[in-house]
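Participant: Residue numbers (the numbering used here): -5 to 420. For glycine and all other residues, C-beta sits at the position ideal for the given N, C-alpha and C. Remember, it's a predicted structure, so these values are computed and weren't measured experimentally. Below are the structure tokens for one structure; questions will follow.
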């Protein structure tokens, strides 16, 4: 019997296999194989300098540097000891294919050799590889919103006026301008803020790409807020019209008021803009004078024009008309002697009962003249000063008459009288 058992090798082998199967069954029941899923696993790209050192840049396409799902198969005891931080995804530029793809290698940073399997929902990173281009742009400024009524946006400045961008040539070549915007809604005071630099194409479409790198992403922007005010224009004349002509005093302009802007402390002290007489010179004019005046040249320091559709040019018309003559009869007895030194008296030698004087002026002014109000005088003190006389003595003198005429009416010729001056008897 004993010999029979020792010679029965089939029985021995069968017993061994039965034991092994039983052990596997027991083991799997106690530590079965399961699966573990990790989502949104980032892929680390290694040796990227193989591209950048060659004067090129790369862009990941279709978000393939993130694996949506990684599935791990392993014993339950292994799976229970893993979490998402243990999953490693690597794409090495050394494995770059002619189709610009890189195979993704998946692993775990522990128990990797005990995994049954590890698979991702994608197996490669897709790249776009281009020559690198660098471009320098001047920063432009822009505002959004509206300041408070009665105010406007003045000068806008940035602490840096250039930005350098670099990236794929196809993208960088599309960038036509770099802009920083500031929201001015409701403001009445100056603004200082850090604004993000945004890139736009020739159609003002925003270009937002992580593949374009800026040397600065923000810049300090200072926005001046100015107060508005409407003021009148005051005109002044210079020069003398041609002989026989005078300005009527009527000045018309295409603008009588303008809107200006400036700091409140400056604007509040301005009620009008006075245009100097040098701007309106009528020298030698024998007809109406038309002059284009740039009122911007006469604005006070710190003040600007505030109307977008007004360039400061104003057409000014100065009315000039011919003068006329009018003869007025003056009675000798109506001539008054004034400012006679004490102790003297004078008498007009009446060569004529009346004097005819010729007045010159514009027709409208002469027509308005009240002839009865014209007063002729002999001003002795004024005459002595003109002649350089310090003392008066008895004698016969010819002295010019003065008249109380308006400044826009003159005499065609001076009129004088013969005067006998004597000392008064005591």
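#1: By a C-beta neighbour count over all protein chains shown, 10 Å radius and 16 as the cutoff for buried, is residue 61 buried or exposed?
#2: Starting from the N-terminal side, write out each stretch of the beta strand (DSSP E) that is 3 residues or longer and does not extend beyond the stretch 34 to 98.
#3: Is residue 59 buried or exposed, if buried means 16 or more other CB atoms sit within 10 Å of its CB?
#4: From what residue to what residue does the alpha helix (DSSP H) around residue 361 run?
#5: Do residue 336 and residue 311 have their C-beta atoms closer together than 8 Å?
#6: My guess is that residue 348 and residue 323 are in contact by the Cβ rule of under 8 Å, so how many angstroms apart are they, rounded?
#7: Can you list, in chain order, the residues of its chain whose CB lies under 7 Å from that of residue 70, leaving out five sequence neighbours each side?
#8: For residue 20, which residues from the same chain have a beta carbon less than 6 Å from its beta carbon, with the 5 sequence-adjacent residues on both sides left out?
#9: Which runs of the beta strand (DSSP E) at least 3 residues long sit entirely within the stretch 120 to 162? Give them in chain order.
#10: Classify residue 396 as helix, strand or coil using the three-state DSSP reduction.
#11: In whole angstroms, what separates the C-alpha of residue 87 from that of residue 204?
#12: Since I believe residue 83 is in contact with residue 100 (beta carbons under 8 Å), could you give me their beta-carbon distance rounded to a whole number of angstroms?
#13: In the DSSP assignment, find the beta strand (DSSP E) that holds residue 172 and state where it starts and stops.
#14: Check whether the stretch 196 to 212 touches the stretch 225 to 241, counting contact only when three or more Cβ pairs, one atom from each stretch, lie closer than 8 Å.
#15: DSSP beta-bridge partners for residue 238?
#16: Once the 5 residues before and after residue 266 are set aside, which same chain residues still bring their CB inside 6 Å of it?
#17: When the Cα atoms are used, what is the spatial distance from residue 238 to residue 409?
#18: So does the stretch 241 to 252 actually touch the stretch 165 to 178, counting three or more Cβ pairs closer than 8 Å?
#19: Can you list, in chain order, the stretches of the alpha helix (DSSP H) that have 4 or more residues and sit fully within the stretch 227 to 289?
#20: What does the Cβ neighbour count give for residue 325, buried or exposed, with the cut at 16 atoms within 10 Å?
#21: Going by the CB atoms, is the gap between residue 288 and residue 306 shorter than 8 Å?
#22: With a threshold of 8 Å on Cβ separation, who are the neighbours of residue 413 within its own chain once the five nearest residues in sequence on each side are excluded?
#23: Give the single residue among 147, 124, 150, 38 whose Cα lies nearest to the Cα of residue 118.
#24: Grab me the residues of residue 361's own chain with a C-beta within less than 7 Å of its C-beta, minus the 5 sequence neighbours each way, in chain order.
#25: Work out the CA separation of residue 282 and residue 246 for me, nearest whole Å.
#26: Can you tell me the Cβ-Cβ gap for residue 297 and residue 243, rounded? I've got them flagged as a contact below 8 Å.
#27: Determine the DSSP secondary structure at residue 327, reduced to helix, strand or coil.
#28: Looking only at its own chain, which residues have a Cβ that is under 6 Å from the Cβ of residue 196, when we skip the five neighbours before and after it?
#29: List the whole-angstrom C-beta distance separating residue 155 from residue 184, where the pair is believed to meet the contact cut-off of C-beta under 8 Å.
#30: In whole angstroms, what separates the C-alpha of residue 383 from that of residue 317?
Facilitator: Based on what the coordinates show:
#1: One-based indexing of the chain shown puts residue 61 at position 67. By the neighbour-count criterion, in which 16 or more other beta carbons inside 10 Å mark a residue as buried, residue 61 falls on the buried side.
#2: Within the stretch 34 to 98, the complete beta strand (DSSP E) runs of at least 3 residues are 38 to 40, 50 to 54, 60 to 69, 81 to 86, 95 to 97.
#3: Stepping through the chain shown from its first residue, residue 59 is reached at position 65. Counting Cβ neighbours within 10 Å, residue 59 comes out buried, since at least 16 surround it.
#4: For the purposes of this step, residue 361 is taken as the residue at position 367 of the chain shown. Start and end: 357 to 362.
#5: Your numbering for residue 336 matches position 342 in the chain shown. Your numbering for residue 311 matches position 317 in the chain shown. Contact flag unset, no.
#6: Translated into the one-based positions of the chain shown, residue 348 becomes position 354. Translated into the one-based positions of the chain shown, residue 323 becomes position 329. Separation of the CB atoms of residue 348 and residue 323 is rounded to 5 Å, and the pair is thereby assigned contact status at 8 Å.
#7: Taking the first residue of the chain shown as position 1, residue 70 is located at position 76. So the qualifying residues of the chain are 25, 26, 28.
#8: Numbered from 1 along the chain shown, position 26 holds the residue referred to as residue 20. Residue placement at residue 20 cannot be trusted, given a pLDDT of 49 that sits under 50; what the coordinates show is reported in the next sentence. Nothing meets the Cβ criterion.
#9: Runs of the beta strand (DSSP E) lying entirely within the stretch 120 to 162, each at least 3 residues long, are 145 to 152, 156 to 162 in chain order.
#10: Reading the chain shown from its first residue, position 402 is the one you call residue 396. Strand.
#11: Here residue 87 refers to the residue found at position 93 of the chain shown. Here residue 204 refers to the residue found at position 210 of the chain shown. Straight-line Cα distance between these residues: approximately 20 Å.
#12: On the chain shown, position 106 is the one that residue 100 refers to. On the chain shown, position 89 is the one that residue 83 refers to. Confirmed, Cβ separation roughly 6 Å.
#13: Taking the first residue of the chain shown as 1, we reach residue 172 at position 178. Counting along the chain, the unbroken beta strand (DSSP E) around residue 172 starts and ends at 171 to 177.
#14: The stretch 196 to 212 and the stretch 225 to 241 do not touch, with fewer than 3 CB-CB distances between them shorter than 8 Å.
#15: Residue mapping note: residue 238 aligns to position 244 of the chain shown, counting from 1. Its beta-bridge partners do not exist; DSSP assigns none.
#16: Your numbering for residue 266 matches position 272 in the chain shown. These residues qualify, in order along the chain: 225, 226, 228.
#17: As a position in the chain shown, residue 238 is number 244, starting the count at 1. As a position in the chain shown, residue 409 is number 415, starting the count at 1. Those two C-alpha atoms are separated by around 20 Å.
#18: When C-beta atoms of the stretch 241 to 252 are compared with those of the stretch 165 to 178, fewer than three pairs fall below 8 Å, so the two segments do not count as touching.
#19: Here the runs fully enclosed are 258 to 261.
#20: As a working note, residue 325 is residue 331 in the chain shown. Residue 325 counts as exposed, since fewer than 16 other C-beta atoms from the protein chains shown sit within 10 angstroms of its C-beta.
#21: Stepping through the chain shown from its first residue, residue 306 is reached at position 312. Stepping through the chain shown from its first residue, residue 288 is reached at position 294. Yes.
#22: By 1-based counting over the chain shown, the position of residue 413 is 419. Its chain contains 331, 340, 341, 342, 343, 372, 390, 391, 392, 393 as the residues whose beta carbon lies nearer than 8 Å to that of residue 413, once the 5 sequence neighbours on both sides are disregarded; these appear in chain order.
#23: Mapped onto the chain shown, residue 118 falls at position 124. Nearest to residue 118 by C-alpha distance, out of 147, 124, 150, 38, is 38.
#24: Numbered from its first residue, the chain shown carries residue 361 at position 367. Nothing meets the Cβ criterion.
#25: Position 252 of the chain shown, counted from the start, is the residue given in the question as residue 246. Position 288 of the chain shown, counted from the start, is the residue given in the question as residue 282. If you take the alpha carbons of residue 246 and residue 282, they lie about 11 Å apart.
#26: The residue labelled residue 297 in the question sits at position 303 within the chain shown. The residue labelled residue 243 in the question sits at position 249 within the chain shown. The Cβ separation is near 29 Å, so there is no contact.
#27: One-based indexing of the chain shown puts residue 327 at position 333. Residue state for residue 327 is assigned as helix, using DSSP reduced to three classes.
#28: Residue mapping note: residue 196 aligns to position 202 of the chain shown, counting from 1. Non-local C-beta neighbours of residue 196 in its own chain, meaning closer than 6 Å and more than five positions away in sequence, comprise 170, ordered along the chain.
#29: Position 161 of the chain shown holds residue 155. Position 190 of the chain shown holds residue 184. Their Cβ separation, rounded to whole angstroms, is 19 Å, which puts residue 155 and residue 184 out of contact at 8 Å.
#30: Residue 383 sits at position 389 when you count from the first residue of the chain shown. Residue 317 sits at position 323 when you count from the first residue of the chain shown. If you take the alpha carbons of residue 383 and residue 317, they lie about 37 Å apart.
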